[in-house]
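Residue numbers (my numbering): 27 to 156.
Just so it is clear, CB atoms sit at the ideal spot from N, CA and C, and this is done for glycine as well.
Data block below; observations after.
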């Protein structure tokens with residue numbers, strides 16, 4: 027509870043007492059002042075409650091924003107790491123591909139025999155059983 031809620035609640039109770047006292051004594055002025063204090067006290071209490079809810083929402087919003095920032099940074103770091111690993115894998119594959127191409131160009135007979143052997147094995151594995 028904040029100050030506005032407490033003061034508003036007390037003023038509302040005071041107004042109820044004034045209204046009741048005015049009704050018992052038969053005087054209009056205390057009744058009117060009591061009704062006014064009830065309305066003003068209720069409004070001040072409602073303002074205090076709204077202010078408390080707004081403060082709670084602000085606090086909750088700040089906490090959520092902090093969590094979102096933390097998760098965003100984590101996702102960014104993971105993405106950056108994955109990008110770096112991908113670049114490294116690309117570089118390694120490119121290096122190995124170029125080395126294989128140089129070897130194939132340097133030894134054409136071995137390359138032809140290796141490709142023919144692979145084609146034979148692939149055909150044998152893919153043929154249907156009769």
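For the candidate residues the options, whose alpha-carbon lies nearest to that of residue i?
i: residue 63; options: 81, 84, 37; result: 37
i: residue 79; options: 141, 151, 27, 135; result: 27
i: residue 66; options: 104, 33, 142, 100; result: 33
i: residue 39; options: 68, 52, 85, 51; result: 68
Starting from residue i, follow the alpha helix (DSSP H) in both directions and report where the run begins and ends.
i: residue 38; result: 29 to 51
In angstroms, rounded to a whole number, what distance separates the CA positions of residue i and residue j?
i: residue 96; j: residue 89; result: 11 Å
i: residue 152; j: residue 125; result: 30 Å
i: residue 135; j: residue 111; result: 36 Å
i: residue 85; j: residue 102; result: 26 Å
Determine the DSSP secondary structure at residue i, reduced to helix, strand or coil.
i: residue 133; result: coil
i: residue 96; result: helix
Residues in its own chain within less than 6 Å of residue i by CB, not counting five upstream and five downstream?
i: residue 35; result: 71
i: residue 12; result: Residue 12 lies beyond the stretch modelled for the chain, which goes from 27 to 156, so this question has no answer here.
i: residue 130; result: 137
Just to confirm my understanding: we take residue i, look at its own chain, exclude 5 residues before and 5 after, and list those with CB closer than 8 Å. What are they?
i: residue 59; result: 41, 44, 48
i: residue 73; result: 30, 34
i: residue 121; result: none
Near residue i, what residues of its chain come up, given a Cβ to Cβ distance below 7 Å and the 5 sequence neighbours on each side ignored?
i: residue 75; result: 31
i: residue 117; result: none
Taking 8 Å as the threshold (beta carbon to beta carbon), is residue i in contact with chain B?
i: residue 64; result: Although the question refers to chain B, the structure presented lacks it and comprises just one protein chain.
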